[in-house]
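Asks:
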Amino acid sequence: MTASPLSLYIHIPWCLRRCGYCDFNTYVLGDLEWATGIWPYLQAIRDEIQRASSQGDFQVTTIFFGGGTPTVLETFDFEYILEAISEFFNVAPDAEITTEANPETLTLQGLKELRALGINRLSLGVQSFVPHVLNTLDRSHTPGHVRQIVTKARKAGFENLSVDLIYGTPGESMKDWETTLNQTLDLNPDHISAYSLIVEGNTPLARRIAAGELPPTDEDDLADKYIRADEAFTQAGLPWYEVSNWAKPGHQCRHNLAYWHSQPWWGIGVGAHSYINKTRWWNLKYPPTYVEAWKTGESTIKGREDLSEEQIRMESIMLGIRLVEGFDKGLLTETELARVQSFLDSGYLIEQDTHLIPTLTGRLTADRILRDILD
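First residue of the sequence shown? That's -18 in my numbering, and the numbers climb one at a time after it.
1) Quick test of the definition: if touching needs 3 or more C-beta pairs under 8 angstroms, does the stretch 208 to 224 touch the stretch 186 to 200?
2) Would you identify the three-state DSSP class for L219, choosing helix, strand or coil?
3) Go ahead and pull the three-state DSSP assignment for F70.
4) Since M155 and K93 are thought to touch, with beta carbons under 8 angstroms apart, how far apart are those beta carbons, to the nearest angstrom?
5) Which of the three DSSP states is assigned to G47 in this structure?
6) Return the bridge partner residues of E332 from the DSSP annotation.
7) Should F59 go down as buried or exposed, given a rule of 16 or more other Cβ atoms within 10 Å for buried?
8) Got a sec, what are the start and stop residues for the beta strand (DSSP E) V107 sits in?
9) Could you name the residues of the same chain whose beta carbon sits closer than 7 angstroms to that of C359, not counting the 5 residues immediately before and after it, in chain order?
10) Beta-carbon within less than 8 angstroms of L341's beta-carbon, same chain only, minus the 5 sequence neighbours each way: which residues are those?
11) From Y176 to W275, what distance separates their C-alpha atoms?
12) What does DSSP give as the partner residues of R285 in its beta bridges?
13) Where does P197 sit, in a helix, a strand or coil, going by DSSP?
14) DSSP on A175, reduced to helix/strand/coil?
15) Measure the C-alpha to C-alpha separation of L(-3) and I19 and round it to an integer number of angstroms.
16) Per DSSP, what are the beta-bridge partners of H122 in this structure?
17) Could you tell me whether the stretch 191 to 200 touches the stretch 239 to 257, using the rule of 3 or more Cβ pairs below 8 angstroms?
18) Using a Cβ-Cβ cut-off of 6 angstroms (strictly less than) and excluding sequence neighbours within five positions of I298, which residues of its own chain qualify?
19) So which of L162, A33, E290, Q244 has the shortest CA-CA distance to S67?
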């Protein structure tokens, strides 16, 4: 019997500092965590890895360390987790193993050690190459440091390098965005993710905007910057494959594609989500609570839901419209199919064999298309 492919996500919740726009499940790493919090958390992660391996016959095809800032960990912490995965799972020889990283936390020696462990993909949180934009985002690295780290990553043997960008930061001009695009492409990355800034409530950035200290984001500005990014990346040989992701051929993120294609994944650690056999569940969010549950033998799961066939159909469409291959029009009901024609006529969608694929305009308005089409 062939083992089922499985993607593992490992959540490292700590950062050296918290960015003003961040609404992720992250915590500033302080003296308490250094002294007592990290080791019990890693032990709890190891236990969850072991429990995950007992739930079926799986082969791990991708591993993704996310956060937070995974690279606040020491090399031996990564080694401890990867050894646990190898002990309890069959890991594919060509598995894609990614870690997110803040440039502040990287050195040449550390990068060499990570590469020697088998981590073969590095995702750098760059966000911008413009100092005043980085300052608004509360990012403390400098553009020059990013360039140094990319050089060191290549020297350490990383042949799959991704750069994460954010556009639409209050005060960012089109010229600023052009600077970021040009300097990003000068690095010759293999993959680029570019996300429009989403101002989440109850973040320092949201409070600064509400107080009038910073201007709000502008939808037209976001659209213009997306179009410019798509043009620049495509011309540089990195075509889009998902609405917010561009890559050189063969360098698409296999881990994220597993999410978007609704393949099985297991999220390890606080707040992580999982999806297997039409069931989705998510873990406790607070590290001490997660660790205490592990110590007492209680479940680390906070909630779960079994998806209906209709929910699965809807999610397949909502994820598919974000992908370069689109979604199978066979997923649509007769009334939904009738509504599609206007979007084909207006150039928001194109039809290719049995699939409906968004055009550039369609990518910009995907949410509205879905609202107008779906029952």
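Using N, Cα and C, we set each Cβ at its ideal position, and we do this for glycine too.
Here the structure is a predicted model, which means the values were calculated and not measured.
Replies: Considering the structure as presented:
1) no
2) coil
3) coil
4) With 8 angstroms as the limit, M155 and K93 do not qualify as a contact, their Cβ atoms being about 39 angstroms apart.
5) strand
6) L337
7) buried
8) 102 to 108
9) With the chain covering only -18 through 356, there is no way to say anything about residue 359.
10) I208, D211
11) 35 angstroms
12) W262
13) coil
14) strand
15) 14 angstroms
16) Paired residue(s): none; H122 is not in a bridge.
17) no
18) F308, L312
19) A33
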